[in-house]
Amino acid sequence: MDEVTRGARALVLCPDIRSQRYDLDARERLEEAQGLALAIGVEIAHSEILTIRQIQPNSLFGSGQVENIATWCEQYECELVIVDGALSPIQQRNLEERLKRKVIDRTGLILEIFGERAATAEGRLQVELAHLDYQQSRLVRSWTHLERQRGGFGFLGGPGETQIEADRRMIRQRMGRLRRELEQVRKTRALHRERRGRAPWPVIALVGYTNAGKSTLFNRLTGAEVMAEDLLFATLDPTMRAISLPGVEKAILSDTVGFISDLPTQLVAAFRATLEEVTGADIICHVRDMANPAHAAQKKQVMEVLADLGVVDRETGESDIPIIEVWNKADLLSPERQAELREVAEGQDAVLISATSGAGIDDFTAKVADILTAQAREVTVTVPVSDGRRIAWLHAHGEVLQDEDAGEGGQGPLRRLTVRLNPKELGQFSSLET
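Count along the sequence shown from 1, then add 1014; that gives the number in the numbering used here.
Given below as structure tokens:
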């Protein structure tokens, strides 16, 4: 992120456009915008909600509102103006010219956060692709001083191409290379998922709105030290660790990037390879911040992303993958509210926890284990004693209820084992070579 933005005093504006419908009310959207601003280390000098009855194509805001914004910038000594909405390149340029300050919109703000937080090579590829896609249409703002003709080739010279056209061409070429690299990442991830699918361990994916407490829960369950702070998008890159559960020797827990309302389309496309980890999970744990007044609207946003990924049916809201709702941050609720939610949770696939204090974690792990073992059934198999590999596999991955002599067979002495296996494990055992 450039030095102009880091540590700058910022004016945060939330446009409330009357012709648009929002899942969150204006106050909640303003608070979220302030959270995004704090996530890139700026100082919020002032914030306002501005009602817009008619969008102005050249500046979004009306002329009187622009004058008020300029006054606030002077009054609060703001160097940066953050608009919690989408600005066209023309609107952004005109506002900067009239306010004499740097202006960024919601997409630019989220891109700044993602650019700062991406830790892996894959994350940086995804962010760069999204950033280039965003900048492509804004070169008119960045390069107006370079919009000149360059001489062409040949005897007459010709008009050549403008600097902007050359830069756009270079951006398109770079984006093409990034897309090819990300496609390779996607294929590699698919191979890893396929390999995990052949492995005996179930995969549990944590999903949820940003700052719902996924990484804190992940750390508590795994003992890992994934970055977990009270910040939007504290973690971006998916992390996986092995955990043990009651009656389940080993499972893989996956922490994914947080969701947010109005996530820029550039980022939805770029991070699809990361989000697709959810599609290969055996259980999805939807972590919700029940202390947030907007938790219902946040749930709607998460379910829409899961529907985009094909995990949830958009019409019915149902999923082939079991989904547990993890109602987090119980420690921030009153005892009366906690009791109320526990009563509601009993009738649903939900559990109330505090990832910070550890309250309810045992209930959560027991619920996950129950779902993983619920589909298990008893099967009886006869295996030659000489096939030590398959016998060892059954003892390692199933619950062996009985192991007895089964006489002689074509391959020598036989053992008859009665084992409790879930369908996934049974399929894996059947695929083992005899």
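By construction, the Cβ of each residue, glycine as well, lies at the ideal position given by its N, Cα and C atoms.
Model, not experiment: these values are computed from the prediction.
First and last residue of the uninterrupted beta strand (DSSP E) at residue i
i: Cys1299; result: 1297-1303
i: Ile1118; result: 1116-1119
i: Leu1101; result: Taken as a continuous stretch (DSSP letters only), Leu1101 belongs to no beta strand (DSSP E), as it is neither H nor E.
i: Leu1027; result: 1023-1031
i: Leu1235; result: Note, Leu1235: premise wrong, no beta strand (DSSP E); alpha helix (DSSP H) at 1228-1236.
i: Leu991; result: Past the boundaries of the shown model lies residue 991; the chain is included only from 1015 to 1448, so the question cannot be answered.
i: Ala1059; result: 1057-1066
i: Leu1431; result: 1426-1435
Proximity to residue i [Cα-Cα], best of the options
i: His1145; options: Asp1098, Leu1231, Arg1193; result: Arg1193
i: Asp1037; options: Glu1332, Met1317, Met1254, Ala1410; result: Met1317
i: Asp1147; options: Arg1183, Arg1115, Val1117, Glu1136; result: Arg1183
i: Glu1329; options: Glu1142, Glu1392, Ala1321; result: Ala1321
i: Glu1263; options: Arg1186, Leu1435, Arg1023, Arg1200; result: Leu1435
i: Val1393; options: Thr1432, Glu1422, Phe1443; result: Thr1432
i: Glu1418; options: Lys1116, Arg1430, Ala1410; result: Arg1430
i: Pro1495; options: Val1080, Glu1057, Val1056, Ala1059; result: There is no way to answer for residue 1495, as the model of the chain reaches only from 1015 to 1448.
i: Gly1129; options: Ala1135, Arg1120, Glu1142; result: Glu1142
i: Arg1200; options: Arg1186, Glu1291, Thr1253, Leu1064; result: Glu1291
i: Leu1346; options: Ala1369, Asp1327, Ala1364; result: Ala1369
i: Gly1426; options: Val1397, Ala1308, Arg1107; result: Val1397
i: Asp1377; options: Glu1350, Leu1259, Pro1336; result: Leu1259
i: Pro1103; options: Ala1084, Gln1150, Thr1224; result: Gln1150
i: Gly1261; options: Gly1331, Ile1385, Leu1139, Ala1100; result: Ile1385
i: Leu1101; options: Ile1054, Phe1075, Gly1137; result: Phe1075
i: Leu1113; options: Ser1077, Ala1420, Glu1042, Cys1299; result: Ser1077
i: Ala1122; options: Glu1111, Arg1115, Ile1096; result: In the sequence as presented, Ala is not what sits at residue 1122; that position holds Gly. Of the candidates Glu1111, Arg1115, Ile1096, the one whose C-alpha sits nearest the C-alpha of Gly1122 is Ile1096.
i: His1206; options: Gly1227, Ile1266, Ile1054; result: Ile1266
i: Arg1225; options: Ser1445, Ala1305, Ala1420; result: Rather than Arg, the amino acid found at residue 1225 in this sequence is Asn. Taking only the C-alpha atoms, the option nearest Asn1225 is Ala1305.
i: Ala1410; options: Pro1071, Phe1443, Thr1379, Val1056; result: Phe1443
i: Phe1232; options: Val1271, Ile1118, Gln1198, Glu1126; result: Val1271
i: Glu1208; options: Thr1293, Ala1308, Ile1178, Arg1186; result: Thr1293
i: Ile1415; options: Val1395, Ile1127, Arg1032, Asp1401; result: At residue 1415 the sequence reads Leu, which differs from the Ile that was named. The candidate whose alpha carbon is nearest that of Leu1415 is Val1395.
i: Gly1361; options: Leu1094, Ile1375, Glu1339; result: Glu1339
i: Glu1057; options: Gly1049, Trp1086, Ala1024; result: Ala1024
i: Gly1002; options: Arg1152, Lys1314, Gln1187, Thr1202; result: In the structure as shown, the chain begins at 1015 and stops at 1448. Residue 1002 is therefore absent and cannot be evaluated.
i: Ala1373; options: Trp1341, Arg1138, Ala1390; result: Trp1341
i: Pro1216; options: Ala1180, Glu1179, Ile1257; result: Ile1257
i: Asp1296; options: Ile1083, Glu1126, Leu1446, Ser1333; result: Ser1333
i: Leu1277; options: His1309, Asp1119, Ile1066; result: Asp1119
i: Arg1107; options: Ala1380, Arg1152, Ser1400; result: Arg1152
i: Val1117; options: Gln1105, Ile1127, Ala1420; result: Gln1105
i: Glu1136; options: Leu1289, Ile1367, Ile1298, Ile1405; result: Leu1289
i: Pro1071; options: Ile1405, Ser1275, Leu1109, Gln1187; result: Leu1109
i: Leu1050; options: Ile1031, Ile1063, Glu1126; result: Glu1126
i: Gln1068; options: Glu1088, Ile1337, Glu1093, Gln1034; result: Gln1034
i: Glu1042; options: Arg1191, Ile1405, Ser1061; result: Ser1061
i: Gly1227; options: Thr1202, His1309, Ile1124; result: His1309
For residue i, the residue or residues it bridges with in DSSP
i: Phe1273; result: Tyr1223
i: Trp1407; result: According to DSSP, Trp1407 bridges with nothing at all.
i: Arg1255; result: Leu1267
i: Asn1342; result: Asp1303
i: Leu1415; result: DSSP output for Leu1415 lists no bridge partner at all.
i: Val1326; result: Ser1333
i: Gly1423; result: Gly1426
i: Leu1074; result: Gln1070
i: Leu1009; result: This structure cannot settle anything about residue 1009, because the visible part of the chain is limited to 1015 through 1448.
i: Val1217; result: Ile1266
Start and end residues, alpha helix (DSSP H) containing residue i
i: Ala1040; result: 1040-1053
i: Val1319; result: 1309-1322
i: Asp1147; result: 1135-1150
i: Thr1396; result: Premise fails: Thr1396 lies in the beta strand (DSSP E), 1391-1398, not in any alpha helix (DSSP H).
i: Thr1085; result: 1077-1089
Whole-Å CB distance - residue i paired with residue j, under 8 angstroms assumed
i: Ala1047; j: Val1026; result: 5 angstroms
i: Asp1098; j: Leu1044; result: 7 angstroms
i: Phe1273; j: Val1326; result: Rounded, the Cβ-Cβ distance is 13 angstroms, inconsistent with contact.
i: Val1301; j: Leu1220; result: 6 angstroms
i: Ser1268; j: Ile1218; result: 7 angstroms
i: Ala1059; j: Glu1091; result: 7 angstroms
i: Ala1344; j: Leu1366; result: 5 angstroms
i: Arg1404; j: Leu1440; result: Incorrect: roughly 13 angstroms between the Cβ atoms, too far for contact.
Continuous beta strand (DSSP E) assignments of at least 3 residues falling wholly in the region 1356-1381: As for any beta strand (DSSP E) of minimum length 3 sitting wholly inside the region 1356-1381, the runs are 1364-1366, ordered along the chain.
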